[in-house]
Structures are given as structure tokens and as C-alpha cells.
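The block underneath contains the structure these notes are about, expressed in C-alpha cells.
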Amino acid sequence: MPKGKGKTARSITDQHRDNIAAEADHGPWTWSEPYKDTGSAGKYATKTRDDFEKLLADLTSGAFGDPGDVLVLWEVSRLARETGRGVALIDAAEAGGYLIHVTSLDRTFNPRNYGDRHSLISGINDAEKEARPAGTPE
1 MPKGKGKTAR SITDQHRDNI AAEADHGPWT WSEPYKDTGS AGKYATKTRD
51 DFEKLLADLT SGAFGDPGDV LVLWEVSRLA RETGRGVALI DAAEAGGYLI
101 HVTSLDRTFN PRNYGDRHSL ISGINDAEKE ARPAGTPE
């Protein structure tokens, strides 16, 4: 399916398959039940993102796993499309010592590294801008 700016939309199933395949180059990883979001991640979403809240709570409480464990996602915008919420998630990953692998970028980020943190936050900021409806003041 076409998706603006020449990009091709990826189904959730395809994204998950690519995330698992990334382990061959970046793992080994231990997989748990994936966090799933069915609601919009945008500012104007009307449905809560229950698994986003669970992920944030798990990262904050340490229930996500051990320091060094990796949160794997397809693209940075899957963290959040609202900068403040995304920064909270990155802060929780940093505090817990967790890494964040972004499959579409073929890269694992360490939120404790300033350059990696900056790249993640910039990506979330870009995703927020893209998620705003046309005509919304910037």
C-alpha cells in the first residue's frame, strides 16, 4: 500500500516478522509476549493505548527485564507520536538500563548515550509533526 512520500506501509505482521529477523544480526534476544497497540499514537487519539501504558509501567518498575534487555520495534514512531510521552518512555528505558532496537534503521540505541538519546527524541518529534492533522499550527 502506498503511504505518502513514496513510502510503503508495512502490516503489523510484516513489522513483527522483520523485528524477529533482526535478531540474526543484532541478537541474541529473549522474546516475551509483544506489546500491542490498536489505538492511535497521535495527540488527538480518542482511545487509550493500554499496552503503551503497560510498557511504560514495566520499564519504570523493572518488570520489563534486566538491564541490557532490548525493546525491539519497527520504527521510532512506534515509541510515540507525542514528544512528551516518547521522552518519558526513553527516560524509563535509560533509567532501567534498557536498549531500544529500531528495525527499520537496522540499529540498536542506548538511551544512556547522548547521541542515541538525541536521535530517538528527534525521531519522535518528527513523528509527532507528521501525525498532526493538516492545517494544525506548527
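Mapping of the sequence shown onto full-length UniProt numbering: position 94 corresponds to residue 94, and the numbering continues sequentially without gaps.
Even for Gly, the Cβ is constructed at its ideal location relative to N, Cα and C.
Residue environment, residue i, which counts as buried when at least 16 other CB atoms sit within 10 Å
i, result
"Y114", "exposed"
"E53", "exposed"
"P34", "exposed"
"R78", "buried"
"T30", "exposed"
"A84", "In the sequence as presented, Ala is not what sits at residue 84; that position holds Gly. Per the 10 Å Cβ criterion, exposed."
Rounded C-alpha distance that separates residue i from residue j
i, j, result
"A127", "A57", "22 Å"
"L71", "Y98", "7 Å"
"D91", "A131", "22 Å"
"S122", "A95", "19 Å"
"N125", "V102", "16 Å"
"R107", "G68", "15 Å"
"G27", "L89", "22 Å"
Own chain partners of residue i with C-beta closer than 6 Å, once the 5 adjacent residues on each side are dropped
i, result
"F109", "I100, D116 and L120"
"S104", "W74 and E75"
"G86", "L79, A80 and I124"
Cβ-heavy atom distance, residue i to the ligand FAD, below 7 Å
i, result
"H118", "As presented, the structure is devoid of all ligands, the ligand FAD included, so that no description of it is given."
Contacting residues, own chain, Cβ-Cβ under 7 Å from residue i (five flanking each side not counted)
i, result
"A93", "L59, L71, I100 and P111"
"G62", "G96"
"K36", "D51"
"F64", "D58, G96 and Y98"
"D66", "none"
The beta strand (DSSP E) enclosing residue i, as first and last residue numbers
i, result
"V76", "Counting along the chain, V76 falls outside any beta strand (DSSP E), and DSSP gives it neither H nor E."
"T108", "R107 to F109"
Endpoints, the alpha helix (DSSP H) within which residue i is located
i, result
"N125", "Y114 to A131"
"A63", "No alpha helix (DSSP H) holds A63; DSSP gives it neither H nor E."
Paired residues, beta bridge with residue i - DSSP
i, result
"R100", "Residue identity check: residue 100 is Ile in the sequence provided, not Arg. Bridge partners of I100: L71 and F109."
Close Cβ partners of residue i (< 8 Å) along its chain, the five nearest in sequence each way excluded
i, result
"L55", "Y35, F64, L71 and L89"
"A22", "V72, H101, T103 and D106"
"H118", "none"
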